Structure formats: structure tokens, C-alpha cells
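Structure first, then comments.
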Amino acid sequence: MYENIEDFLQGNSLMPIRYSYKEIKNMTRGFKDKLGEGGYGTVYKGMLRSGPLVAIKMLGKPKGIGNGQDFINEVATIGRIHHTNVVRLIGFCVEGSKRALVYDFMPNGSLDKYISATKDHISLTYKQMYEISLAVARGIAYLHQ
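Residue numbers (the UniProt record's numbering): 1 to 145.
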């Protein structure tokens with residue numbers, strides 16, 4: 001367990017890239033392209049300077065006073081995960097109360113829009129559902145190793 005974000009950063013040589021808030025804002029073109037929103041924050045589409053698209057999760061304000069231990073734990077955990085069935089954490093931002101996580105962009109969007117399909121959404125074949133389920137199971141198995 002790390003006491004603060006600086007201890008975490010100094011203690012990890014193989015880690016995601018640290019971006020400034022200004023870089024995050026530039027990547028998202030001022031947070032223009034919102035992909036979704038959840039309990040932990042809002043996700044925006046962005047682009048790295050080198051060209052690849054990314055998904056940037058802007059986390060909500062940290063609850064209470066603290067050193068951002070939940071954020072540190074997420075960066076520490078997800079930053080070490082490298083598996084074809086688990087989205088990769090590319091980088092992060094922490095400036096005061098501003099926190100962001102930069103992930104690989106998934107062009108097909110969130111899996112839940114396919115799994116809980118209605119007539120407005122694309123329906124999946126049984127074979128596609130099987131393949132997705134298998135990939136999810138492999139990702140979960142990797143995370144539990």
C-alpha cells in the first residue's frame with residue numbers, strides 16, 4: 001500500500017504514462033466527444049499525439065479528504081495488466097482533484113449495449129455471444145491469476 005501518489009509513482013518503473021490535465025484536455029478537444037457516463041465518472045473519446053484513439057475516463061471528485069488511495073490502487077492494478085481480453089491502461093492524470101485514466105479505445109463501444117440488446121440495438125448470434133462469453137471468461141481468469 002502506498003502512502004500517497006508520489007510514493008506510488010517513484011516506486012514503479014513499469015507504469016502507465018503520466019499526463020498533465022492540459023494534455024488530457026487537448027486529447028479530448030476540450031471534452032467534446034462524450035462516450036458514456038457511469039458511477040465513477042464520464043468517458044470521453046480522445047486522440048494521442050501519435051494518432052491512436054483513446055478512451056479517457058474523467059473520475060468524479062474524490063470523496064472526502066484523502067490521498068486518492070482508490071485512484072492509486074486502480075492505476076497500480078490496471079497498469080500491470082496486459083492481456084488481449086482486458087482493455088489496456090495507457091496512462092493517467094492526477095492534478096489536485098482532477099483525475100483521469102487513459103485507456104485503449106474500443107471502437108465497438110461498451111459490451112453491455114450488445115448483451116442487453118433491444119430492438120434499437122444490434123442483436124448478436126448465439127455464436128457471437130459464445131465467443132464474447134469465452135473472451136470475457138479468459139479475461140476474468142487472467143485477472144484472478
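Just so you know, even glycine gets a beta-carbon here, dropped at the ideal spot from N, CA and C.
Being a predicted model, the structure only gives us computed values, none of them experimental.
When the options are compared against residue i, the one with the closest alpha-carbon
i, options, result
"residue 20", "48, 141, 139", "48"
"residue 146", "132, 54, 138, 55", "Residue 146 lies beyond the residue range present for the chain, which begins at 1 and ends at 145; the question has no answer from this structure."
"residue 98", "123, 82, 60", "60"
Simplified DSSP assignment, three categories, for residue i
i, result
"residue 104", "strand"
"residue 31", "coil"
"residue 115", "helix"
"residue 44", "strand"
"residue 99", "strand"
Own chain partners of residue i with C-beta closer than 6 Å, once the 5 adjacent residues on each side are dropped
i, result
"residue 140", "none"
"residue 93", "19, 21, 24, 100"
Check whether residue i and residue j have beta carbons under 8 Å apart
i, j, result
"residue 58", "residue 41", "yes"
"residue 15", "residue 79", "yes"
"residue 86", "residue 35", "no"
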